[in-house]
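Chains C and A supply the protein sequences, listed in that same order.
Residue numbering for the first sequence is 1 to 57, as defined by the numbering used here.
Residue numbering for the second sequence is 1001 to 1307, as defined by the numbering used here.
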Amino acid sequence: MKAKCLECDADLEIPEDAVNGEIVSCPDCGMDFEVSIKENGEMELKPAEIEGEDWGE
Amino acid sequence: MAKWSLSPLKSKGKTGANNLMVTIGLIYDRIRWEEKALINASKKAGISLTPIDAKKFYINPSEGIKTFQEALGNIVIQRCIGYFRGLHITAVLENSGLAVINSFRTSLTCGNKLFTTLALTKAGVLSPKTLVAFTPETALDALDMVGYPAVLKPVVGSWGRLVALVKDRESAQAIIEAREEIRNALLHIYYVQEFVKRPPRDIRIIVIGNEVVAASYRYPPSGEWRTNVARGGTSKPCPLTDELERLALKASEAVGGGVVAVDCMESPNGLVVHEVNGTMEFRGISSTTEVDIAKKILEYAVGVAKK
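Structure representation (structure tokens):
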């Protein structure tokens, strides 16, 4: 699926098998977006959380 | 934003303590390679797994286990990328009696390098010589005592973030000064470690319950000493020896067990464990082994739920 980067308007490619919460990065500006799949199956992109100081494994 | 919440509850009608089929709730806040691997493995193995975004619910901590089981499953795999977020969710769920992988004890211990050191030391697992200081002045004293080069780490944090190889007192002063400028109380606890003379690699060992499933060497990228895969480190196959198995089981048990990645180094005095990860990333090691780690984690969760 194609989408537009909310930051720089570049073309984004969302993989067909994308799941809720998956991150898609803009190839042009590097902005990260979280894939959100609505109940009707429609996909939308939301700006992803910025890395926190307690993030990791 | 989705309105799904743990309170008030929505029973899905097909889950619950009395059902024979185990249902797993996967609590996440970001779908990494590992979470996707778990989701795909569940589909392949016909195991019921429901991913639940921790950013989209709130919890009433006084709810009972039945409520949580109906909303989440018979068992929860907690894999939040945010340590404190995950730890607090685990605290609530485990308090109700719901089994969470990993347990609160394991999550708390693994998420804090000092707590990990304490647990390893108590269990007699060799780890690098460590000192801890609570002011900039005593941090410098501790570094003098350990000797340069030394390693300075935050007690909480991952992916090698702010982990510094300190070559002399001047660099130490600069790093400590910078950390003091950051308004984060945890960064003002100074975890000082000897620099272990190791080959340019460490070893990651995956433990799932009582089973040691795989090991890999991790090599740092060019121009870097840290081996974290998140920093560009690369994983290579490592034979799983009896020594590694014994060490990994002992280290896992020391921190509370569950699903963990034990990281150790080949020091001149033998293997030393420097870290145990409680929300382990296994993308790197998966490229070196035939073992389906995600499937193993799910099977382990089903086993724990049936106990």
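Glycine residues also receive a C-beta, built at the ideal position from the N, C-alpha and C atoms.
Which residues in chain C sit within 7 Å of residue 1156(A), going by Cβ to Cβ distance?
54
Under 8 Å, with one C-beta from each stretch per pair, do the segment 6 to 19 of chain C and the segment 28 to 43 of chain C reach the 3-pair mark?
yes
Along chain A, in chain order, which residues have C-beta atoms closer than 9 Å to that of residue 23(C)?
Those are 1030, 1031, 1032, listed as they occur along chain A.
Roughly how many whole angstroms lie between the Cα atoms of residue 1215(A) and residue 1034(A)?
17 Å
Taking DSSP as the reference, what is the three-state secondary structure of residue 14(C)?
coil
For residue 50(C), count neighbouring Cβ atoms within 10 angstroms of its own Cβ and tell me buried if that reaches 16, exposed if not.
exposed
Exposed or buried, which one is residue 44(C) when buried takes at least 16 other CB atoms within 10 Å?
exposed
Quick one: is residue 1004(A) buried, meaning 16 or more other Cβ sit within 10 Å of its Cβ, or exposed?
Summary for residue 1004(A): the model assigns pLDDT 46, below 50, so the residue's position carries little reliability; its value from the coordinates is reported in the next sentence. Classification for residue 1004(A): exposed.
Verify the CB distance criterion: does residue 1281(A) have a CB-CB separation below 7 Å to chain C?
True, the Cβ-Cβ gap to chain C drops below 7 Å.
In whole angstroms, give me the CA-to-CA distance for residue 1272(A) and residue 1038(A).
30 Å
Can you name the residues of chain A whose CB is closer than 8 Å to the CB of residue 20(C)?
1031, 1051, 1053
Please report the straight-line C-alpha distance between residue 1084(A) and residue 1288(A), rounded to a whole angstrom.
When rounded, the distance between both Cα atoms is 31 Å.
Quick check for students: name the residue ranges of the beta strand (DSSP E) that lie wholly in the segment 1076 to 1118 of chain A, counting only runs of 3 or more.
Within the segment 1076 to 1118 of chain A, the beta strand (DSSP E) runs of at least 3 residues that lie entirely inside it are, in chain order, 1099 to 1101.
Quick one: is residue 1226(A) buried, meaning 16 or more other Cβ sit within 10 Å of its Cβ, or exposed?
Buried, since its Cβ has 16 or more Cβ neighbours within 10 Å.
Can you give me the start and stop residues for the alpha helix (DSSP H) that residue 1153(A) sits inside?
Element bounds for residue 1153(A): not the alpha helix (DSSP H) but the beta strand (DSSP E), 1150 to 1153.
Please tell me whether residue 1073(A) and residue 1025(A) are closer than 7 Å, where the distance is taken between their beta carbons.
yes
Is there at least one Cβ from chain A nearer than 7 Å to residue 57(C)'s Cβ?
yes
Who are the Cβ neighbours of residue 1156(A) in its own chain at under 7 Å, not counting the five residues just before and after it?
1083, 1111, 1112, 1186
Check whether chain C comes within 7 Å of residue 1075(A), counting only Cβ atoms and requiring the distance to be less than that.
no
May I have a chain-ordered list of the alpha helix (DSSP H) segments no shorter than 4 residues that lie completely inside the segment 1188 to 1222 of chain A?
Whole alpha helix (DSSP H) segments, 4+ residues: zero.
Using 7 Å as the limit for Cβ to Cβ distance, is residue 1176(A) near chain C?
no
Would you decide whether residue 1203(A) is buried or exposed? Buried here means 16 or more other CB atoms lie within 10 Å of its CB.
buried
Please tell me whether residue 1081(A) has its Cβ less than 7 Å away from any Cβ of chain C.
yes
Between the C-alpha atoms of residue 984(A) and residue 1109(A), what's the straight-line distance to the nearest angstrom?
Because chain A spans 1001 through 1307 in this model, residue 984(A) falls outside it and cannot be assessed.
Going by beta carbon distance, what residues of the same chain come within less than 8 Å of residue 1281(A), once the five residues before and after it are set aside?
1032, 1033, 1034, 1229, 1230, 1261
Does the beta carbon of residue 1112(A) sit closer than 7 Å to a beta carbon anywhere in chain C?
no
Once you ignore the five residues that flank residue 1180(A) on each side, which residues in its own chain have a CB closer than 7 Å to its CB?
1136, 1188
In the structure shown, what three-state DSSP assignment does residue 1280(A) receive?
coil
Excluding the 5 residues flanking residue 1054(A) on each side, which residues of the same chain have their C-beta closer than 7 Å to its C-beta?
1027, 1028, 1029, 1080, 1085, 1089
On the DSSP letters alone, give me the boundaries of the beta strand (DSSP E) that residue 1172(A) sits inside.
Not the beta strand (DSSP E): residue 1172(A) falls in the alpha helix (DSSP H), residues 1169 to 1181.
Report the neighbours of residue 1084(A) on chain C: residues whose CB is nearer than 9 Å to its CB, in chain order.
52, 54
If you follow the beta strand (DSSP E) that residue 1224(A) is in, where does it begin and where does it stop?
From DSSP, residue 1224(A) is part of no beta strand (DSSP E); its letter is neither H nor E.
Within this structure, are the beta carbons of residue 1067(A) and residue 1048(A) separated by less than 7 Å?
no
Of the residues 1184(A), 1161(A), 1150(A), 1182(A), which one's Cα is nearest the Cα of residue 1171(A)?
1150(A)
Just to confirm, is the Cβ distance from residue 1133(A) to residue 1255(A) under 7 Å?
no
Around the C-beta of residue 1102(A), are 16 or more other C-beta atoms found within 10 angstroms, so that it is buried, or is it exposed?
buried
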